[in-house]
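> Input: one structure, supplied below.
Residue numbers (the working numbering): 17 to 133.
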């Protein structure tokens, strides 16, 4: 069992979630139950799945939750690109976010590969 609060991937994904909330707060009101909601849910899913997976008794189970967190990361990337296409967010605003997201994806993937199943 891992202590999720000590995991850098959990810390970074938790902070990333705040970034997503800040970005989506500028989306049109008409997107409140659409893209805004989807992005926020996916961003909350990343640290949540890392935390939940860390409580599991086997690395196999933990790996499964890390894979779900990765899926959420790719979902966020897609949804941010759609938001960009719709001009809800400026390219310059997404530069840091995409960079941070890619770093989190790499960290989760690397950590996942260190778990002995």
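For glycine and all other residues, C-beta sits at the position ideal for the given N, C-alpha and C. Only a predicted model underlies this, so the values are computations on that prediction, with no experimental measurement involved.
Please state whether the Cβ-Cβ distance between residue 84 and residue 61 is less than 9 Å.
Yes, they are a contact pair.
> Can at least three beta-carbon pairs, one atom from the region 96 to 105 and one from the region 48 to 60, be found at a separation below 8 Å?
Yes, the region 96 to 105 is in contact with the region 48 to 60.
> Quick check on this structure: which residue in 131, 111, 89 and 123 has the alpha carbon closest to the alpha carbon of residue 77?
Taking only the C-alpha atoms, the option nearest residue 77 is 131.
> Ordered along the chain, which non-local residues of its own chain (more than five positions away) have a Cβ less than 8 Å from that of residue 66?
Around residue 66: 20, 23, 25, 26, 29, 81, 82, 85 and 124.
> To the nearest whole angstrom, what separates the beta carbons of residue 59 and residue 32, a pair I think is in contact under 8 Å?
Confirmed, Cβ separation roughly 7 Å.
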